Every structure is written in structure tokens, then in C-alpha cells.
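For reference, the structure discussed in these notes is given below.
Chains as they are written, first to last, in this note's numbering: chain A, 46 to 392; chain B, 781 to 1185.
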């Protein structure tokens, strides 16, 4: 494991020197995750907390403190707007330097996964990748460098010329390509690698959320991004770990603080590989479900939505009472394998 | 010619003039030096690449206690393994591990999982390591694991008595009837004994192969079973080889063969007791009393086999009791070991020993038949003997219907 980490680290540094990849981005990427030999997993070796969902939880916590560590709470609202400038015609131009790389990530306390990740200098490199955010009509430019060992691309959902759909060119290690198109239509989209074998390229972690705001924006709200994802840690074609935003049970152990009466908006994306569907159920409250987020006037009022891979919806709700609001996949198996979290509402 | 001979004759000096102890140590010194060089220069680094470490973890034993599982894990792989999380029936579950930290090679740890397991239903426990590899242990039918208290001890002892002592004793009761049979009748019974022993040999060997599959890879279950059989066979041969050939057909010689049969059947019954005891302990008691009575019926023939060589003689009641105990009591011990301290490795060794011992007895009893046929200038493979052997196989085969599922 040490070997793996250090080898990858060396590789990143070499590739950084190879291109114009931002030094800070490389530094963020090069931060090793704790590994067995360097710092062993939680030495407390287990906690039994009967209050916590009847024992159906992981033991310990993932590393949140070392530089470059992925913090699911911070990821929720980490929107990456890119470098903004104005084109001669008055159109807003947003530009990102995005790279793909190989990185070991912690998907449950003490469980490490050899992931493929997208990253930017601002957001760092992790799974899910940075959340790109823009407004409808903006000009978008993604300068992509493949710093991973395998060929990769970026395929964006939305409307754009087919030459920008991320099927070609397939970029080998060290190669670059710039995806450029106009942001439309407004709504909730996603991006992911589109190199076969797709199953492997997606479930290894090459995906992220892509939000196009409607003209004039949406009502002010407490916003958060949730990507329903999963990891096949033993590569047998079935997932061992499910979550929203990678870390199993993280929001169950660290409830997301919200306020009673405050408008909550969740950008919910399903990227789960191998399973036909995933779902989102909220306890003690109902949400307005805006399918794909492409209409502002049309929604459904529910507490349960089932989604295939690549489906995404915007959920808006407020809670009436203080307390803990559980949310989870309503396939019990997925919930019990890590896809379960909590909001903690206070007055 | 002479020089050649002197070269191979023992001498205290090698041809390089070194004392023998120096030349004997030299290879070890060189080996140690080579190992040191190997580890320091690591010439295999070129092969290692980005390979994840090879992990091998065995869930050796899963005990079911009220409201919890207690799992013993054993690292049989070449490198340390860190258990990161535990799942029960595809759900992550909180637990305690002792000792904590990565398990060294050959290290053991105990995982305690508070869990409301469901009586008489199956459960699967999955351990997920730091690298994301998973290792699985299955509970076939959930039932509380017996603790070695007095009641349990008696219950398992009774199990062994039903499997071992009762059927062997019942079988021995046929002795008076067997005595009235003529020479041919006796040969028929001996052939029948060979038949049932062949069945037991195959049954024991297959059982050994099956249990060997549960042994952690590093202990090489199958070779262990084969070696145990080989050593048991040769060991018993060496012991019986002390007896002069002339005494073999005497009354004492025949009693010795009977005792040998009893011993080897005892070893087989030990294995049987072990397997049944373990099955009960691992929750398969749900199979019920049918299994035990099945074994009783199945093993009655073993008594006939033990008595067969001594039908020409008049052994004392005491010798019969001793024979029954030799063949039957090991089942009691087996049931205790299987119930309270089951280990696949131990079971493999005992089943292997059982197979080797049975083979040796087949040879001995076969020799009795051959010698008798030789004396009369006949072939031992006459229709009566073949029919006896076939009947022995058939009886064992069909009574096995009670215990095989």
C-alpha cells in the first residue's frame, strides 16, 4: 500500500512537471491518504453505540484532517465557478483546468479504494469530482489534461455540438483537449468519463455534478450536492459500499446541520454503477421534486424518488420541527451498506 | 575400484581438507548470506509494480451467543492484514476487534458483533479489509453455540455413545451366530467386512478432502490429510510387523487383527463424532435425531467386522467390552472435540489418520482371506467372497441414506 501511494505520488509529480498543471493542484493531489503502514486505521478498534441505528454502522471515521483529505460535509456546497471573464460580445466566459489522475481514496473508515479522479486547482481531486457551476448562456471552456495511467475523456450531459460530447478524442496519459460549448439548458447535469469499459471508468470515480443555473437564478436556499455513488472494492462486479458523496454512513455519523423553516435545495445525482436503480427517501418531511431541474414551474410533491444511473433531480423542502431527519436509499440493502444519512434541524 | 570405494567411505575430512562440521555449516552460511543480499537489494522490485498486497484471511470459527456473534479470524496470508469493517448479511455492523490493529502473518483476532441473529436461519458475515478485499464466513443454521458446561458435555457424550458404542456393541452381539457358520460362512463375513471397510475408507477419505477445503491455505489441508493417512498406515504396519508370521493365524494373532480393526474403526468413528459434534455445534442440529439414529444403524455393521476375525476362538466378555470401547469410545471424544473445540485442521488430520488406519485393516483382513484360499489351493476371489464384499458395500451404501443429504 505504501508502495502504491508513493508510486502514484511520484507519477503525479512527474506529470505535473510535464504540463502546465497548476502546482497547487498537484500538491493537493499529491497528499497521501493515511495507509496501513504509515498510520494504522482507527486504533480504538471499534465502538459499539446502540443508539446509532441499531448497530448498523461502520466503525471509526475517515481521515478528515490531513491536507487534501476529502470532507463530505465541505463537499456539499463546494461549487467550482471557474475563472470568470467577459468575452468581447459581453458573454461570460468560464474556464477550468481539469485533470484526471489516479488516487487512493478512503471510502469507509480504514477501507481504501484505488480510484480514478477528476480534479481542479480550486477544488482538489477527489470522488466525486469538482461541482462545476455556471449560468445558462455562459461560454464554458474545460482545459482537460489526462494525468492518469489510462485513457480518459469528459462527457458532459446537456446540449452542445456532438464534437464536444467526450467520445473523441480519447486522451492518453499526458494528452490534452479543450471542451468548449455554451451552457444549456438550465438544470442539473453531470459529467463522467466515456472511455470503454464504461463500467470500470465510471465506478472507479470519474464523475461529477454540473449545474447550469436558470436566468436570474433560483430562490436563495441552503444548497447541497449529493451524488449517489458506490464502490466495488473487491472488483467482483457488485458494490460493497454505497453512499451519497463517497463515504459510507458519513452523514449518519456527522449529521448535516440545517435550520427549521430554511429552504433546503438538494442537487441529487445518481451515478451508482452495477445496480439498476438507486433512490432517495426523506423521513418526516416531503420535498418538491424538479425532474432534471429543467423546469421551474413543474414539480411533484413526494418523499421518495427512484432513479436510474445518470438520472438527476433537484429536491426542495423545508422542515417544520427541530430534530433529526434521516434520509437514505429506500432499497434497504443499499441503506445498510452505507447510503444513509441525517439532517439535524435546529430552531 | 579401490579408489572409488575409498572416496565414498566416511571420513572426518572433506576432500578440501575442511573439518566435517565446517563443510556441513558452509551451505547454511552461504544461504543466510544470499538471503541477506536478496532482501537488501530486492532484485524482484521489477515485478512488484502497483500490485496490491496479497491478503488471505480465514473466518475460522463463528460462535453464536445470545445477541452476538463472536468471530475468530486468522491471517494465513504472507502479509499483515487490517480488518477495517464488518458486514452481517450485507449490512455494515458495529463491532469490537481484539487485538486491534493489523493482524500479522499467522495472527488471530476476535471480532465481537452485537447482533440479534435469527434462530434457525442462515447468516453471512463478511470482513472487509483495508484494501477493500472481502472474506466471508457462513452460519448455515443459526443456533446458540454450546458452552462446555455439564449438561452440554453429557449431551455430546450421549451423541458419541449413540454413534459409536451402541452400534458397535450391537454388532458384536452377532458373534454367537457367526460362530456357528462354517468356514465358507466365515470367509463370507470376512469379505463382507472388507466391503464395509472399503466403504468406510472412501467415506473417510472424501470427508477428509471436504474438511481439508476449509483449512487455511497456508496449512495445506489436502497434503496434510494424505500425509496423516500415509503415516498412520505405515505406523500401524510397523507395529504389527513385530509379530512373527507363524503367530498370525493363532488365536492371539486373530485377536490382534480384531483389535486392529477396532482401533481403525475407532479412528474412523472419532472423525465421525468430530463431524457430527461440529455439525451440532455449528447449528446443524436442526437435522435432528434422524441423523444420530442414522449413524447408529449405519455403524452396526462395524461390530460384525470387528468380530469376524475371532469367530474360530472363544474370546472373553472382557475382550469384547474392550473391543467395543476401542471402536466406540473415540466417537464420544470426537463429539466433544467437534462440539467444543472444532478446528478444520485437526479434523483433517484425524480423518486422514482414520483413512490410513482403515487401509491397513483392509490389507490385514484381506490377507486372512488370501491365506485361507491359498491353503486350499483356491482363488480368494470366489463368488462367495465377492458376494460378501458386495453385500458389505451395499449395506453401508444403503444405510448411508440415513446420514447423507
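The beta carbon of each residue, even a glycine, is placed where N, CA and C say it ideally should be. All figures in this text were calculated on a predicted structure; none of them were measured in a lab.
#### Entry: From A/355, A/213, A/337, residue whose alpha carbon lies closest to that of residue 241 of chain A
A/213
#### Entry: residue 890 of chain B, enclosing beta strand (DSSP E) - first and last residue
888-894
### For residue 1158 of chain B, the three-state DSSP class (helix, strand or coil)
coil
### Task
Note down, in chain order, every chain B residue with its Cβ under 7 angstroms from the Cβ of residue 339 of chain A.
Going along chain B, no residue has its Cβ under 7 angstroms from residue 339 of chain A, so there is no contact; the nearest lies around 36 angstroms.
### Task
Give the single residue among B/1091, B/942, B/898, B/982 whose Cα lies nearest to the Cα of residue 1033 of chain B.
B/1091
### Query
Taking 8 angstroms as the CB-CB cut-off, is residue 894 of chain B touching chain A?
yes
### Task
Have a look at the DSSP bridge pairing and note the partners of residue 130 of chain A.
A/138
### Message
By the DSSP assignment, the beta strand (DSSP E) with residue 1110 of chain B in it spans what residues?
### Response
Premise fails: residue 1110 of chain B lies in the alpha helix (DSSP H), 1097-1120, not in any beta strand (DSSP E).
### Message
For a test of the three-state rule: what should DSSP assign to residue 306 of chain A, helix, strand or coil?
### Response
coil
### Message
Using CA atoms only, rank isn't needed, just tell me which of A/233, A/230, A/203, A/188 is closest to residue 220 of chain A.
### Response
A/188
#### Entry: Stretch pair the region 934-948 of chain B + the region 848-868 of chain B: three plus CB contacts closer than 8 angstroms
no
### Query
How do the region 115-123 of chain A and the region 871-883 of chain B stand: do at least 3 beta-carbon pairs fall below 8 angstroms, yes or no?
no
### Task
At 8 angstroms on the CB atoms, spell out the chain B contacts of residue 278 of chain A, in chain order.
908, 911, 912, 913, 914
### Task
Compare the C-alpha of residue 1134 of chain B against each of B/1088, B/986, B/1145 and name the closest.
B/986
### Message
For the region 119-138 of chain A, list every residue whose C-beta sits within 9 angstroms of some C-beta in chain B, in sequence order.
### Response
none
### Distance, residue 839 of chain B Cα to residue 854 of chain B Cα
6 angstroms
### DSSP state of residue 867 of chain B mapped onto helix, strand, coil
strand
### Task
Quick one: list the residues of chain A neighbouring residue 903 of chain B, beta-carbon separation under 7 angstroms, in chain order.
None at all; the shortest Cβ gap to chain A is about 14 angstroms.
### Query
Which residues, taken in chain order from the region 145-168 of chain A, show a beta carbon closer than 8 angstroms to some beta carbon of chain B?
152, 153, 154, 155, 156, 157, 158, 159
### Message
Can you tell me where the beta strand (DSSP E) holding residue 180 of chain A begins and where it ends?
### Response
176-180
### Beta carbon of residue 943 of chain B nearer than 8 angstroms to that of residue 1051 of chain B
no
### Message
Taking the straight line between their C-alpha atoms, what separation do you get for residue 1145 of chain B and residue 1101 of chain B?
### Response
21 angstroms
### Message
Taking the alpha-carbon of residue 1171 of chain B as reference, which of B/1085, B/904, B/1048, B/989 has the nearest alpha-carbon?
### Response
B/1085
### Query
Who are the near neighbours of residue 954 of chain B in its chain, counting only those whose CB is closer than 6 angstroms to its CB and skipping five residues on each side?
1084
### Message
Across the region 310-326 of chain A and the region 265-279 of chain A, are there enough close Cβ pairs to call them in contact, namely three or more that are closer than 8 angstroms?
### Response
yes
### Query
With 16 other CB atoms within 10 Å as the buried threshold, where does residue 141 of chain A fall?
buried
### Task
Please go through the same chain and pick out, in chain order, the residues whose beta-carbon is closer than 7 angstroms to the beta-carbon of residue 336 of chain A, but skip the five residues on each side of it.
358
### Query
DSSP puts residue 326 of chain A in a beta bridge; with which residues?
A/349, A/373
### Message
Can you confirm whether the region 201-215 of chain A touches the region 245-254 of chain A when touching is taken to mean that 3 or more C-beta pairs between the two stretches lie within less than 8 angstroms?
### Response
no
### Query
What number of angstroms, rounded off, separates the C-alpha of residue 1003 of chain B from the C-alpha of residue 1012 of chain B?
14 angstroms
### Query
At a Cβ cut of 9 angstroms, what residues of the region 871-884 of chain B count as close to chain A, listed as they run along the chain?
871, 872, 873, 874, 875, 876, 877, 878, 879, 880, 881, 882
### Query
Which class does residue 856 of chain B belong to by DSSP, given the choice of helix, strand or coil?
coil
### Query
Whose C-beta lies closer than 7 angstroms to the C-beta of residue 898 of chain B among residues of the same chain, with five residues either side of it excluded?
922
#### Entry: Exposed unless 16 or more other CB atoms sit within 10 angstroms - verdict on residue 916 of chain B
exposed
### Segment limits, beta strand (DSSP E) that includes residue 878 of chain B
876-878
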